[in-house]
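Asks: To start, I am sharing the structure in question, which I have written as structure tokens.
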Amino acid sequence: MKKLLLTVYRGWLLALGLSLSLWATPAFATSLYEVPPVSDARVVDLGEIISRFNEGKLNDSLNELATQTGQEVHFVTIRRLDYDETVQTFADKLFEQWFPTAEERANQTLVVLDSITNNSAIVTGEKVKSLMSDEIANSVAQETMQVPLQKGDRYNQAFLDVSDRLVAVLSGEPDPGAPVVVDNVKTEGTFASREETEKSNAIPWVIGLLIAATVIPMATYYWYVR
Numbered sequence: 200m201k202k203l204l205l206t207v208y209r210g211w212l213l214a215l216g217l218s219l220s221l222w223a224t225p226a227f228a229t230s231l232y233e234v235p236p237v238s239d240a241r242v243v244d245l246g247e248i249i250s251r252f253n254e255g256k257l258n259d260s261l262n263e264l265a266t267q268t269g270q271e272v273h274f275v276t277i278r279r280l281d282y283d284e285t286v287q288t289f290a291d292k293l294f295e296q297w298f299p300t301a302e303e304r305a306n307q308t309l310v311v312l313d314s315i316t317n318n319s320a321i322v323t324g325e326k327v328k329s330l331m332s333d334e335i336a337n338s339v340a341q342e343t344m345q346v347p348l349q350k351g352d353r354y355n356q357a358f359l360d361v362s363d364r365l366v367a368v369l370s371g372e373p374d375p376g377a378p379v380v381v382d383n384v385k386t387e388g389t390f391a392s393r394e395e396t397e398k399s400n401a402i403p404w405v406i407g408l409l410i411a412a413t414v415i416p417m418a419t420y421y422w423y424v425r
């Protein structure tokens, strides 16, 4: 009897552990050490959200900008942030890691997007500010990037729009401005984030495993003592 009860108890613990693992967040935070050293590749897609075709278009456009103007733009996507990190602090640290001196970062622009929260940030060097004010830079990160994302995680469109606007401004052309939003209804409260969707999809599995963890041991015990 003791062996049976021990087996039943272990089975319940196993089922409980499986249910909790489904509830747990599946992805790990991206650290600065995972970001490769800066290179001629203008896009570092650690979040794996940009198609290869559009990544090629972005690289071509931004490389042409660098050749013609000396202004260098880099896009980085990440999967998740540590709990004590924001996308802006991550971008600031990466900017300093890639470009340690003021001279190195003078003509640099870095845009970072966290693909879990869809939060984005931008960092610019001192010489960039003479072409693109902090106000415009903030608009690029918080409006040009965010509008396509609010319409259904259109990551490719978001980065293409950001690239087009940055190329125009950093080439000395008039700022085309942020996208015009026709419907100003706030979407945060009506659309679930990817993380919320993952958790909601896991709920039926959690409930099912918990029920099985309770019913199966009881049925086994009943069958044994009957």
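Numbering (the numbering used here), first residue to last: 200 to 425. Built from N, CA and C at the ideal position, the CB exists for glycine as well. Values in this document were obtained by computation on a predicted structure and should not be read as measured data.
#1: Between Ala240 and the rest of its own chain, which residues show a CB-CB distance below 8 Å, the 5 nearest in sequence each way excluded?
#2: Can you tell me where the alpha helix (DSSP H) with Asp313 in it begins and where it stops?
#3: Between which two residues does the alpha helix (DSSP H) containing Val286 stretch?
#4: What ranges does the alpha helix (DSSP H) occupy inside the stretch 352-376, keeping only unbroken runs of at least 4 residues that lie completely in it?
#5: Helix, strand or coil, according to DSSP, for Thr343 in the structure here?
#6: Just verifying my parser: in three-state terms, what is the DSSP assignment at Glu271?
#7: Could you tell me the alpha carbon to alpha carbon distance between Glu325 and Gln270, rounded to whole angstroms?
#8: Are at least three pairs of beta-carbons, each pair with one atom in the stretch 312-319 and one in the stretch 279-290, less than 8 Å apart?
#9: Which residues mark the beginning and the end of the beta strand (DSSP E) in which Ser250 is found?
#10: To which residues of the same chain is Asn253 closer than 8 Å at the C-beta, ignoring the five residues directly before and after it?
#11: Name the residue from Val327, Asn337 and Gln341 whose alpha carbon lies nearest to the alpha carbon of Glu303.
#12: Quick one: residues in its chain with C-beta nearer than 7 Å to the C-beta of Ile248, no 5 flanking neighbours on either side, listed in chain order?
#13: Classify Ser230: buried if its beta carbon has 16 or more other beta carbons within 10 angstroms, exposed otherwise.
#14: With H, G and I counted as helix, E and B as strand and the rest as coil, what does DSSP make of Ala240?
Replies: Let me spell this out:
#1: Position 41 of the sequence shown, counted from the start, is the residue given in the question as residue 240. For Ala240, where only same-chain residues beyond five positions count, the Cβ hits under 8 Å are Asn258.
#2: Residue numbering aside, residue 313 sits at position 114 when the sequence shown is read from its first letter. Where Asp313 is concerned, there is no enclosing alpha helix (DSSP H), although the beta strand (DSSP E) it sits in stretches over Gln307 to Asp313.
#3: Numbered from its first residue, the sequence shown carries residue 286 at position 87. Element bounds for Val286: Val286 to Trp297.
#4: 354-369
#5: For the purposes of this step, residue 343 is taken as the residue at position 144 of the sequence shown. Helix at Thr343.
#6: Here residue 271 refers to the residue found at position 72 of the sequence shown. Glu271: strand per DSSP, three-state reduction.
#7: Numbered from 1 along the sequence shown, position 126 holds the residue referred to as residue 325. Numbered from 1 along the sequence shown, position 71 holds the residue referred to as residue 270. So the two alpha carbons sit approximately 12 Å from each other.
#8: yes
#9: The count along the sequence shown starts at 1 and reaches residue 250 at position 51. Taken as a continuous stretch (DSSP letters only), Ser250 belongs to no beta strand (DSSP E), as it is neither H nor E.
#10: For the purposes of this step, residue 253 is taken as residue 54 along the sequence shown, with counting starting at 1. Same-chain partners within the cutoff: Asn355, Phe358 and Leu359.
#11: Taking the sequence shown and counting its residues from 1, one reaches residue 303 at position 104. The shortest Cα separation from Glu303 among Val327, Asn337 and Gln341 belongs to Val327.
#12: Translated into positions along the sequence shown, residue 248 becomes position 49. Only Thr276, Ser314 and Tyr354 meet the Cβ criterion.
#13: Along the sequence shown, read from residue 1 onward, the residue named residue 230 stands at position 31. Ser230 is exposed by the Cβ-count criterion.
#14: For this step, residue 240 is matched to residue 41 along the sequence shown. Correct three-state label for Ala240: coil.
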